[in-house]
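J.: So that we are looking at the same thing, I have put the structure below in structure tokens.
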Amino acid sequence: MSAAKTRLQANLAPWLDTERLPGLSGRAARRLRRCVEHVDAPHFTGRSGHRLTAEDLRQLLADKAAYQQAGSSWLAPFLTRCRQQVPFYRNYPWHVSWQDLPCTQRSDLSRHITAFVPDDIEPAHLIAYETSGTTGHPLTVPSLPLVAARYHCFHERILGWHGIDLPSLKGDTGVMLVGDQQRCFTYASVLPYWDDKVLLKTNLNPADWPEPDARGRYIDACKPLLITGDPRSLSTLLSLEFKHKPAAILSTSMTLLQGLKDRLAHRFGCPVINLYSMNEAGPIAADDGSGLGLRLVQSTLQVDILDGQNRPSGHQVRGEITLTGGFNPCLPLLRYRTGDYACLVEDEHGRRYLQQLDGRPPVRYKAAAGWLNNVDITHLLQPFGLAQYQLHQEQSGALSLQVEGEVNEAALKQVLSQAFGAGCRVRIGQYRGAADKLIQYTSDYPGAHDG
Amino acid sequence: MSNLQPGPNMRRLHQRLLAYPDSPAPQGPDLLALMHDLIYRLDPKVTGAVLAPLSQLPQCQAEPTYAGQPNVRLLMLWLLADDAFEELVLHAEALVSLILSADSLMASSCPEIQDEDQREELIRLALNGLRLKPEDETDHQARDRLLMVSSSERARVVAASRAAEERAEAIRQALAEKRAREAADKYTRE
């Protein structure tokens, strides 16, 4: 596309943007326009789209059917592709059983991401997602528009476990993703693989809205069938006044504590589904309502629980969640240690569940002007390109930031002081990496874990 | 189980190469006759059919000229003419194959025999082509040391590493360009 055409597309209204939304239908455009021009609509800070071609959409349908098939016939071709196409795995000792191959971890992806992209992937087709993760290694995940759309297949399956048939739900707005951050990338888009329903990514921070009450009115106007967000943002949702009740709420990113789950379920009268998902692998497991834990959702993802020596932890013994396979062809995971811990159990029907999952504990930080979400901190620190870091807020409010490698301490302190207030004491030191799992965000400040 | 037959002493073979005569290099029918004689001496069971491909070598067809630095093939022929090889069990097929491929074995077609590394490489390539290993070396050591000195292997590794680096750079650039948070819609955070 020429530079002039690119500029033109960038300036077009979202409902005319066929670069980000190829094949945009009249119905989808009308729905999108209604949501964007609504009097109570938030200020959308960015633009995004599915970027799916007609061929991608056909492939997505085929994928959906394929993902329903159980079995392990995918594993052998997957391992062959790893051996032949992935530079990082090429020199592995392939004569041993695949369960004896070396393990990888987030730091490997963080430092050598290009070596994980298979040779048969054309770089020009890549898209990228940035993530901070639990282990403090910032990471750029290579992906494709089709991969992002494949999430829908798994969400559909998860909602099916709760008796919700996603394709048959009536409504114009499919999903509202809620955040609660100082600064957030927000947009309105459409989902061609779900009946042209609208997707709204919003920030519940009142600063993004015409007035604070507009948030509730907008939700009542758009009536999103699904609301998704991290527990902290969902907690903010509870503080808003509106009548609409979604078909389900999906909670991601952090540990969903039972108290908040109960409050959400009580208020909205719908399933509140805890989803264990990560950028590297997509949705891995979710609550299926059985009370047995988080049920594994992907049929082409092998989940193992390993001990410190990369050996299976044993039946119902807690260990590190380790992944092989997945649905992102740009990042084939082979014995990928996630940094999260759980044990794996199987019920009498052969369904496998993660129990005692140690995910990301929710935390917020007290600044002079109010509370900051940990996602805000990620944004603040992103420009510094830190390899790994850990931020802790003490009871007094003082901050302790531990970083790996060389860093401009003065600039870091300045950024944190601007965000937290000039009176906030900031101490910066070197991260020594002794723990087997770094918890990136921690706090002893009163109220840091409430909400 | 050992795959390589113990061969001559490396020092002896270095000395042999250093003693390459400062006389005109044989070409055309002279070269062909020299090769036939050598192979027959090392494997008396050799047949005409096995030797036949040698006559297709361009150097065997040209009229004899007497100029130029010795190339890999001539140096190998000189090397294999050492008495030490007569004590070994060698096969004409392997000898013919080695002589035919000599041109492509080293990065330089006319190696400098005063250069110890190039001599070492040439000797090890010749031994490896005949499934021999230097005296007093294990198979593993012989293969390892060949890889260490092999200029064409080095060139291949350098080329592969350059290609890999170019691809990595293309991926890095693509990811950097697309790293703008506007990637493609996903409706859950992670």
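Chains A and B are the protein sequences, given in the same order.
Take any residue in the first sequence, note its place counting from 1, add 493, and you have its number in our numbering.
Take any residue in the second sequence, note its place counting from 1, add 6, and you have its number in our numbering.
In this text, a Cβ means the ideal position worked out from N, Cα and C, and glycines have one as well.
Nothing here was measured: the structure is a model prediction, and the numbers come from that model.
1) Considering only residues of the same chain and omitting the five flanking positions on each side of A/Leu684, which have a CB-CB separation below 6 Å?
2) Whose CA, out of B/Pro30, B/Pro59, B/Lys192, lies closest to the CA of B/Leu81?
3) Show which residues of chain B have a CB atom less than 7 Å away from the CB atom of A/Ala740.
4) Locate the beta strand (DSSP E) running through B/Lys51, then write down its first and last residues.
5) Output yes if chain B places a C-beta closer than 8 Å to the C-beta of A/Pro638; else output no.
6) In terms of residue numbering, what span does the alpha helix (DSSP H) encompassing A/Asn772 cover?
7) Using a C-beta cutoff of 8 Å, does A/Tyr829 count as contacting chain B?
8) Identify, in the order they occur along the chain, each residue of the same chain with its Cβ nearer than 6 Å to the Cβ of A/Glu813, setting aside the five sequence neighbours on each side.
9) Counting C-beta neighbours from all protein chains within 10 Å, is the total for A/Asp510 16 or more, i.e. buried, or is it exposed?
10) Beta carbons nearer than 8 Å to chain B: which residues of the stretch 575–607 of chain A have them?
11) I'd like to know if A/Ile921 contacts chain B, where contact means its C-beta is closer than 8 Å to some C-beta of that chain.
12) In the structure shown, what three-state DSSP assignment does B/Met82 receive?
13) Got a sec? Which residues, its chain only, sit under 6 Å from B/Leu40 by beta carbon, not counting five neighbours each side?
14) If you draw a straight line from the alpha carbon of A/Ala608 to that of A/Asp797, how long is it in whole angstroms?
15) Using a Cβ-Cβ distance under 8 Å, would B/Ile119 count as near chain A?
16) Taking A/Ala912 as part of the alpha helix (DSSP H), name the residues at either end of that continuous run.
17) Examine the ligand HEM and report whether any of its heavy atoms sits within less than 7 Å of the Cβ of A/Leu639.
18) Which residues in the same chain as A/Tyr560 place their Cβ atom closer than 6 Å to its Cβ, once the five residues preceding and following it in sequence are excluded?
19) Per the DSSP calculation, A/Ser566 is bridged to which residue(s)?
20) Give the secondary structure of B/Val164 by DSSP, where H, G and I count as helix, E and B as strand, and everything else as coil.
21) To which residues does DSSP link B/Gln65 through a beta bridge?
22) Would a C-beta distance cut-off of 8 Å place B/Ala100 and B/Val78 closer than the cut-off?
23) Once you ignore the five residues that flank A/Ser783 on each side, which residues in its own chain have a CB closer than 7 Å to its CB?
24) Would A/Gly832 be called buried (16 or more neighbouring beta carbons within 10 Å of its own) or exposed?
25) Taking C-beta pairs closer than 7 Å, name the residues in chain B that A/Arg760 reaches, listed in chain order.
26) Could you tell me which whole alpha helix (DSSP H) segments of length 4 or greater appear in the stretch 772–830 of chain A?
T.: Working from what's here:
1) Gly667, Lys690, Leu692
2) B/Pro30
3) None at all; the shortest Cβ gap to chain B is about 14 Å.
4) Per DSSP, B/Lys51 belongs to no beta strand (DSSP E) and is neither H nor E.
5) yes
6) Neither: A/Asn772 is in no alpha helix (DSSP H) and is coded neither H nor E.
7) no
8) Leu799, Arg830, Tyr834
9) buried
10) Pro580, Ile606, Thr607
11) no
12) helix
13) Pro32
14) 23 Å
15) no
16) 902–913
17) The model on display carries no ligand, and the ligand HEM is accordingly not part of it.
18) Cys646, Ser792
19) Paired residues: none, contrary to the question.
20) helix
21) B/Gln65 is not bridged to any residue.
22) no
23) none
24) buried
25) In chain order: nothing, as chain B lies at least about 20 Å away.
26) none
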